[in-house]
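Notes to accompany the following structure.
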Amino acid sequence: MSKDHSILVTGLLERDSGKTHITSNLIHLFTQKGFTIIPFKPLSGHNFVYHYTNTLKNVKRGHLLSMDIQQLAYAANLVESNKKVDISLEVMNPTHILFTNLLIEPYIQEKITSSYFSMFNHSIPILQRYTIINLNDSLLSRHIYAIRENNQNFYSRIAIDTKTFKLLKRKGNKKIYFSNKEEFKQISEKHYRTAIESCFKKIQTQRPDLIIIESINNAAVPFSSKKISKTIKIVLAVQPGMVLSFDPQRYFLVLEEFSHFNGLIGKTLESILKILKPEKIFRIPITQAFQKEDKLVRELLCYLNDFV
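First residue of the sequence shown? That's 268 in our numbering, and the numbers climb one at a time after it.
Structure follows, in structure tokens:
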């Protein structure tokens with residue numbers, strides 16, 4: 268395998284596409300062959316309430332972190348007690364957002380329940396980690412935390428355990444506060460690309476046989492970085508029981524056309540499929556663990572070997 272190749276895996280569905288399930292199986296099978304695989308989850312997020320167990324694990328670990336990257340790293344035998352590569356889970360998952368939900372009670376008291384129900388999404392960001400690596404001086408590497416300002420009126424409107432949240436937000440080498448979506452977006456525009464590109468470069472210094480990049484939800488691409496996209500040799504779009512493959516040059520050409528109108532982030536596979544047909548479609552087993560002896564699995568692995 269080349270030392271500078273990657274695969275992008277994204278989902279056909281907004282929820283429950285099976286990205287992590289399929290990706291972890293592929294990582295495990297390649298690792299069994301003796302290859303060093305490093306997973307990369309540029310952007311992730313979880314809900315403070317819905318995934319409270321992960322929230323508590325994050326408190327114990329000391330940083331916000333995706334559940335998915337932990338599963339992918341385990342499949343690659345890259346648990347942190349394993350010194351095979353000098354990469355932390357935070358580098359494999361350079362940005363992570365903590366969301367929570369708005370409560371309806373204040374809207375009832377203020378007699379504006381229509382405002383509550385008219386909101387497109389009741390989950391709002393309250394904390395985000397950006398991990399930025401300096402390859403020349405490790406002392407300059409840092410975790411930046413974007414934190415929702417401690418406004419009592421705001422915090423009375425959300426579902427949150429303040430004690431746990433205080434433990435989470437005290438982390439980080441640098442803290443930046445935001446009070447609305449526009450400020451949150453500005454922080455992301457300033458730090459997101461630097462975080463993912465610096466962490467990806469750190470992973471490349473380990474010279475893995477392959478980097479497998481997992482997107483978020485059904486985002487066609489979780490970054491707007493040519494430095495990363497040029498390493499991608501195949502794009503896989505997945506759903507339970509099926510994998511579609513796309514030529515990366517044609518795939519990113521379509522995305523570039525989109526970017527002239529509204530940027531790359533936010534484009535989905537639905538948008539891609541309106542213009543670009545997959546090169547191949549594979550059926551895969553709907554099982555907990557892929558078996559390399561399975562005919563469907565062998566067909567997919569044989570195809571991927573030609574690219575990596």
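Beta carbons are placed, not taken as given, at the ideal position from N, Cα and C, and that holds for glycine.
Everything numeric in this text was worked out from a predicted model, so none of it was measured.
Other residues of its chain near residue i: CB distance less than 6 Å, five sequence neighbours each side excluded
| i | result |
| --- | --- |
| A504 | T277, L279, L511, L536 |
| T322 | F315 |
| Y383 | I371, Y374 |
Residue i - DSSP class collapsed to helix/strand/coil
| i | result |
| --- | --- |
| I379 | coil |
| P306 | strand |
| E450 | helix |
| S273 | strand |
| Q555 | coil |
| R409 | strand |
| V358 | helix |
| I478 | strand |
| S311 | strand |
Straight-line gap, residue i to residue j (C-alpha atoms, nearest Å)
| i | j | result |
| --- | --- | --- |
| R474 | V358 | 15 Å |
| S390 | F421 | 13 Å |
| N440 | I399 | 11 Å |
| L568 | K562 | 10 Å |
| L520 | T498 | 15 Å |
| E523 | K378 | 45 Å |
| K342 | S492 | Residue identity differs from the one stated: residue 342 is Ala in this sequence, not Lys. Cα to Cα, A342 sits roughly 27 Å from S492. |
N-terminal and C-terminal residue of the beta strand (DSSP E) that residue i is part of
| i | result |
| --- | --- |
| F366 | 362 to 368 |
| F576 | An answer regarding residue 576 cannot be provided, because it is not within the stretch 268 to 575 covered by the chain. |
| T322 | Taken as a continuous stretch (DSSP letters only), T322 belongs to no beta strand (DSSP E), being part of the alpha helix (DSSP H) at 319 to 328. |
Supposed contact pair residue j and residue i - C-beta distance, whole angstroms, cut 8 Å
| i | j | result |
| --- | --- | --- |
| G285 | Q558 | Not quite, the Cβ-Cβ distance comes to about 17 Å (not below 8 Å), so this is no contact. |
| P309 | P361 | 6 Å |
Unbroken alpha helix (DSSP H) run spanning residue i, endpoints
| i | result |
| --- | --- |
| F490 | Unbroken run through F490: none, as it is neither H nor E. |
| K433 | 429 to 436 |
| A504 | Here A504 belongs to no alpha helix (DSSP H); instead the beta strand (DSSP E) covers 499 to 506. |
| T398 | Element bounds for T398: not the alpha helix (DSSP H) but the beta strand (DSSP E), 390 to 399. |
| K286 | 286 to 299 |
Residues near residue i in its chain [Cβ-Cβ closer than 7 Å; skip 5 each side]
| i | result |
| --- | --- |
| Q337 | L356 |
| F467 | F307, I495 |
Any C-beta of chain E under 7 Å from that of residue i
| i | result |
| --- | --- |
| I548 | In the structure shown, chain E does not exist; there is a single protein chain. |
Cutoff 8 Å; reference residue i; Cβ partners in own chain excluding five residues on either side
| i | result |
| --- | --- |
| T472 | L402 |
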